[in-house]
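S.K.:
Numbering (the numbering used here), first residue to last: 1 to 500.
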């Protein structure tokens with residue numbers, strides 16, 4: 001029966017006069033949370049999806065024959081989306097699923113949709129585990145850059161500046177684990193370097209003394225946490241004189257928030273002056289912002305739409321972030337892929353075929369060019385921000401990274417010295433190296449030799465014992481890492497990062 005329907009579409013397409021408009025009704029199921037504390041809430045994102053729907057339906061447009069019937073369902077970042085998908089599918093399965101964003105909720109939905117041959121496009125599901133498209137995540141297309149794509153920026157900087165070690169510091173809520181997944185991408189892509197991790201529970205007090213002690217033996221500190229915690233750490237580091245160029249500090253902020261360019265160090269308290277000086281050593285990685293005129297019009301329309309609705313609990317919902325952009329572009333990408341698939345004789349029910357036309361293609365999105373790789377993941381463009389005026393405490397974009405071709409663009413404000421370590425970070429010398437300068441006389445040499453000989457025998461005994469333990473632990477760790485990319489479980493992610 002599927003072959004028959006495909007043949008009918010093929011005949012209608014190729015036996016019709018040239019230029020005949022392709023028509024189709026598409027059932028779209030969208031999962032967005034009603035809770036406006038999420039930057040991808042229904043209030044924020046729904047206007048962008050409806051904007052794309054109207055844009056495609058414009059008269060004489062190439063895709064004006066497509067009618068998108070959009071249905072919104074609540075997403076609680078737990079199980080609501082999965083239950084809603086199952087309930088709706090008892091009657092009529094959707095042709096396209098947009099979302100969910102949260103990792104654990106997306107994992108369940110994508111597994112089921114892949115089994116049913118339904119394309120899923122999300123501006124979330126950014127964890128490294130979703131990069132395995134050979135199995136249960138085969139139908140997932142990620143329209144926003146994943147955390148691994150973001151980590152490419154750090155990998156390039158490590159190579160360029162010859163950094164060798166880093167401490168990844170993150171706030172872990174143990175529920176959605178956004179910062180965990182963010183730095184997981186960095187951990188996996190910088191595996192050739194000396195990488196350590198430091199996690200602290202979101203609800204507990206941060207022990208800055210303990211954290212700073214962990215920083216001593218490293219070069220680069222990459223952080224993911226709330227703005228207040230960032231300030232707390234930077235102030236503590238400044239008091240320890242660790243912001244003088246001996247360490248490079250980074251913060252990851254991926255939601256195109258504007259406050260990092262306007263002095264997030266400022267709180268109006270007695271610590272503002274110290275915070276401003278401390279933040280001179282803090283660099284921020286964020287998504288590349290666009291100045292495309294069409295994007296400005298889009299932003300204005302979204303803002304007007306939300307203001308007209310008069311939402312009382314969402315004062316900042318009018319700002320456009322990567323989720324708003326992404327879900328808009330998701331509708332465009334699907335329309336193009338469906339059009340190409342139908343021209344080749346397939347129908348909207350051939351999910352696998354439609355997906356093949358979404359991957360490995362470039363198109364013009366609302367904020368600029370969108371480049372999808374061969375694995376169905378968007379190549380990311382990122383900006384590096386640094387404080388360029390310490391007196392004023394203001395930030396500028398000093399470099400841009402373009403993921404499609406893996407290149408760094410250094411802007412006029414870029415200062416190489418700012419990213420060059422001033423201190424000498426050498427690995428701690430071992431016992432053998434320390435003993436080289438001991439012999440000042442023959443008698444001393446004999447005595448020292450005897451002592452060292454005894455010490456070496458004892459060390460050798462313990463080394464054998466500990467070496468065996470290390471090998472066993474490493475083998476177990478590698479097994480976990482291999483399983484990591486095969487399956488993203490709701491209860492945990494298998495990775496070296498989680499055990500670090």
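Virtual Cβ for every residue (Gly too), placed ideally from N, Cα, C.
1) Which runs of the beta strand (DSSP E) spanning at least 3 residues fall entirely within the region 219-249, listed in chain order?
2) Please list the terminal residues of the continuous alpha helix (DSSP H) segment that includes residue 208.
3) Tell me whether residue 201 sits in a helix, a strand or coil according to DSSP, three-state version.
4) Under a Cβ-count criterion, where at least 16 other Cβ atoms within 10 Å of its own Cβ denotes burial, should residue 341 be classed as buried or exposed?
5) Would you kindly check if the distance between the Cβ of residue 121 and the Cβ of residue 141 is under 7 angstroms?
6) Quick one: using the 10 Å Cβ neighbour count with 16 as the cut-off for buried, is residue 211 buried or exposed?
7) If I follow the unbroken beta strand (DSSP E) through residue 106, where does it start and stop?
8) How many angstroms separate the CA atom of residue 23 from the CA atom of residue 355?
9) Give the list of continuous alpha helix (DSSP H) stretches no shorter than 4 residues that lie fully inside the region 350-401.
10) Residue range of the beta strand (DSSP E) that residue 409 falls in?
11) Taking residue 167 as the reference, which of 129, 213, 131 and 147 has the closest Cα?
12) For residue 191, which beta-bridge partners are listed by DSSP?
13) So, with DSSP's three-state summary, where would you put residue 258?
14) Look up residue 24 in the DSSP assignment and say whether it is helix, strand or coil.
15) Please list the terminal residues of the continuous alpha helix (DSSP H) segment that includes residue 88.
16) Where does residue 44 land, buried or exposed, given buried means 16+ other C-beta within 10 angstroms?
17) From the DSSP output, read off the bridge partner residues of residue 283.
18) Which residues bound the beta strand (DSSP E) around residue 138?
19) So, for residue 286: in the same chain, excluding its five sequence neighbours on each side, which residues have a beta-carbon less than 6 angstroms away from its beta-carbon?
20) Skipping 5 residues on each side, what residues in its chain have a beta carbon closer than 6 angstroms to that of residue 127?
21) Looking at residue 380 and residue 150, is the spacing between their C-beta atoms short of 7 angstroms?
22) So, for residue 238: in the same chain, excluding its five sequence neighbours on each side, which residues have a beta-carbon less than 6 angstroms away from its beta-carbon?
23) Out of curiosity, what's the CA-to-CA distance linking residue 264 and residue 92?
24) Ignore the nearest five residues each way along the sequence and tell me which others in residue 146's own chain have a CB closer than 6 angstroms to its CB.
25) Quick one: what's residue 69 bridged to in DSSP?
26) Going by DSSP, name the residue or residues bridged to residue 573.
M.R.: Put simply:
1) 220-224
2) Position 208 of the chain shown, counted from the first residue, corresponds to residue 208. Here the alpha helix (DSSP H) through residue 208 covers 208-215.
3) For the purposes of this step, residue 201 is taken as residue 201 along the chain shown, with counting starting at 1. The answer is strand: DSSP assigns residue 201 an E or B state.
4) By one-based count along the chain shown, residue 341 stands at place 341. Under this definition residue 341 is a buried residue.
5) Residue 141 sits at position 141 when you count from the first residue of the chain shown. Residue 121 sits at position 121 when you count from the first residue of the chain shown. Against a cut-off of 7 angstroms, the Cβ pair of residue 121 and residue 141 comes out as a contact.
6) For the purposes of this step, residue 211 is taken as the residue at position 211 of the chain shown. Buried, because 16 or more other Cβ atoms sit within 10 Å of the Cβ of residue 211.
7) Reading the chain shown from its first residue, position 106 is the one you call residue 106. From DSSP, residue 106 is part of no beta strand (DSSP E) but of the alpha helix (DSSP H) over 103-115.
8) Locating residue 23 in the chain shown gives position 23, counting from the first residue. Locating residue 355 in the chain shown gives position 355, counting from the first residue. Distance between the alpha carbons of residue 23 and residue 355: 19 angstroms.
9) 351-358
10) Here residue 409 corresponds to residue number 409 of the chain shown, with the count starting at 1. Per DSSP, residue 409 belongs to the beta strand (DSSP E) from 407-410.
11) For this step, residue 167 is matched to residue 167 along the chain shown. It is 213.
12) Within the chain shown, the letter at position 191 stands for residue 191. Answer by DSSP bridge pairing: none, since residue 191 is not bridged.
13) The residue labelled residue 258 in the question sits at position 258 within the chain shown. Since pLDDT at residue 258 reaches only 46, below the 50 mark, its modelled position is unreliable, and the value read off the structure follows with that caveat. Three-state DSSP puts residue 258 in coil, outside helix and strand.
14) Within the chain shown, the letter at position 24 stands for residue 24. It is a strand residue.
15) Mapped onto the chain shown, residue 88 falls at position 88. Element bounds for residue 88: 80-89.
16) Taking the chain shown and counting its residues from 1, one reaches residue 44 at position 44. Under this definition residue 44 is a buried residue.
17) Counting from 1 along the chain shown, the entry for residue 283 is found at position 283. Partner(s): 250.
18) One-based indexing of the chain shown puts residue 138 at position 138. Element bounds for residue 138: n/a, residue is neither H nor E.
19) Translated into the one-based positions of the chain shown, residue 286 becomes position 286. Same-chain partners within the cutoff: 253 and 383.
20) For the purposes of this step, residue 127 is taken as the residue at position 127 of the chain shown. The residues are 103 and 181.
21) Stepping through the chain shown from its first residue, residue 150 is reached at position 150. Stepping through the chain shown from its first residue, residue 380 is reached at position 380. Contact flag set, yes.
22) Indexing the chain shown from 1 puts residue 238 at position 238. Closer than 6 angstroms at Cβ, skipping near neighbours: 274 and 278.
23) Working through the chain shown from its first residue, we reach residue 264 at position 264. Working through the chain shown from its first residue, we reach residue 92 at position 92. Residue 264 and residue 92: Cα-Cα distance of roughly 49 angstroms.
24) Counting from one through the chain shown, the residue named residue 146 turns up at place 146. So the qualifying residues of the chain are 126 and 377.
25) In the chain shown, residue 69 corresponds to position 69, counting from 1. Answer by DSSP bridge pairing, in chain order: 27.
26) The requested residue 573 is not part of the displayed model; the chain covers only 1 to 500.
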